[in-house]
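Q: Under this note's numbering, think of the first position of the sequence shown as 3, with each following residue one higher.
Glycine is no exception: its CB is placed at the ideal position from the N, C-alpha and C atoms.
So that we are looking at the same thing, I have put the structure below in structure tokens.
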Amino acid sequence: MLFRNHLYSVRKAAQVNEQAGKSNPKDKSFVDKVEVQEANQMGQPATKNVVFSDYRSSTAVQRCVFRRNMKEREVKREVFMLEGDENFEALTLRSKMTLLVKRSSDDVKNWFYDMGIEENLPDSWNEFKKSLIDHCCGSGLDNMIKYREELWSQYCIGLRSMASEKNINEEEVLKKLRKEYAPKTLQVIFYSFGISLKDVIERVEEWELFIETQASVKPRKKTFKPVKDIREVQKPKVTCYKCKMEGHYSNECKNNSAKLNSFERTKTEDCKLDTMYVIVVV
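And the structure:
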């Protein structure tokens with residue numbers, strides 16, 4: 003009797019938790035065990051209930067269905083499986099997109115969030131599927147890169163072709179160009195106000211033509227004539243203090259004997275001055 007009362011209280015608590023949207027793993031495991039025992043006594047197969055931890059792990063795996071570096075067939079397959087739900091068609095466009103993004107990785111969620119805050123969400127379900135496939139398969143506008151040997155004009159033309167093919171607004175192409183690591187002249191062109199993508203391509207082509215022309219023109223080498231020293235004109239009238247010769251200064255004198263004689267002469271003169279000073283003092 004006590005066991006039945008306890009079982010009734012546990013089942014009642016489980017029902018209350020289920021109605022409130024909550025779950026108690028301990029009570030649930032006990033109820034599952036009791037139901038299995040009762041089913042064995044009555045000879046009926048017991049229903050297999052999912053453990054709480056296994057349920058959370060399985061839903062975690064289902065949430066990350068769409069991610070980067072997927073094949074196009076994989077993305078289309080997963081979208082097709084979700085579209086087959088009986089209640090899927092009754093959802094609004096915003097709810098359909100949110101349902102797919104909830105099963106995606108953080109990168110796809112950030113991509114969807116950026117489009118949402120900029121109010122650039124697709125207007126139809128087919129456009130959203132196409133954008134999702136391009137993002138997951140790496141064939142979208144964000145995945146295009148410029149190679150080192152590629153001209154900037156060719157890169158801009160390639161972006162314009164992809165934008166027209168995938169019905170992407172030109173403003174998105176300009177935003178991508180502004181994020182590129184480009185020369186300062188091109189950055190000024192990309193950040194120009196009220197400029198169209200066609201004008202950008204024309205100005206980039208003009209800039210490349212100017213750079214090519216400047217590289218083909220070789221700069222002329224200037225020849226400088228040596229400037230004569232003004233002192234050389236006056237040197238014939240100059241007399242060296244050391245050798246007493248004309249035509250150079252004493253610091254330019256190359257006569258070593260004259261230098262030695264001048265040194266000895268100054269030394270003797272200093273000695274004479276010292277003796278004269280001593281005599282005067284005495």
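Kindly give me the distance between the Cβ atoms of K178 and L161, rounded to whole angstroms, as I take these residues to be in contact under 8 Å.
A: 7 Å
Q: Where does E88 sit, in a helix, a strand or coil, going by DSSP?
A: coil
Q: On the DSSP bridge list, what partners appear for T241?
A: Answer is E248.
Q: Whole angstroms are fine: how far does the CA of L176 sit from the CA of I159?
A: 12 Å
Q: CA-CA distance, P124 and E207?
A: Taking the Cα positions, P124 is about 33 Å away from E207.
Q: Tell me where the alpha helix (DSSP H) around S126 begins and ends.
A: It is not in any alpha helix (DSSP H) - S126 carries neither H nor E in the DSSP assignment.
Q: Go to Y157, then tell me how far its alpha helix (DSSP H) extends in each direction, as first and last residue.
A: 154-167
Q: Can you tell me whether S133 is buried or exposed, with buried defined as 16 or more other CB within 10 angstroms of its CB?
A: Classified as buried, S133 has 16 or more neighbouring CB atoms from the shown chains inside 10 Å of its CB.
Q: Should K111 be labelled buried (16 or more other beta-carbon atoms within 10 Å of its own) or exposed?
A: exposed
Q: Using 10 angstroms around the beta-carbon of R205, count the other beta-carbons present and answer buried if the total reaches 16, otherwise exposed.
A: It counts as buried.
Q: Locate the alpha helix (DSSP H) running through Y115, then write down its first and last residues.
A: Residues 108-119.
Q: Do you know offhand how far S155's Cα is from G140's?
A: 23 Å
Q: Grab the span of the alpha helix (DSSP H) containing M99 for me, first residue to last.
A: Taken as a continuous stretch (DSSP letters only), the alpha helix (DSSP H) holding M99 covers 95-104.
Q: Measure the beta-carbon distance from R79 to C138 and round it to whole angstroms, keeping in mind my assumption that it falls under 8 Å.
A: So it is not a contact: roughly 12 Å between Cβ atoms.
Q: State the beta-bridge partners of F68 as determined by DSSP.
A: S106
Q: What did DSSP end up calling K73 once you bin it into helix, strand or coil?
A: coil
Q: Note the first and the last residue of the continuous alpha helix (DSSP H) segment covering A217.
A: 199-218
Q: Quick one: what does DSSP say S2 is sitting in, helix, strand or coil?
A: Because the chain in this structure spans residues 3 to 284, residue 2 falls outside the shown range and cannot be described.
Q: Spatial neighbours of L93 within its chain, please: CB distance less than 8 Å, with the 5 preceding and 5 following residues excluded, ordered by chain position.
A: L101
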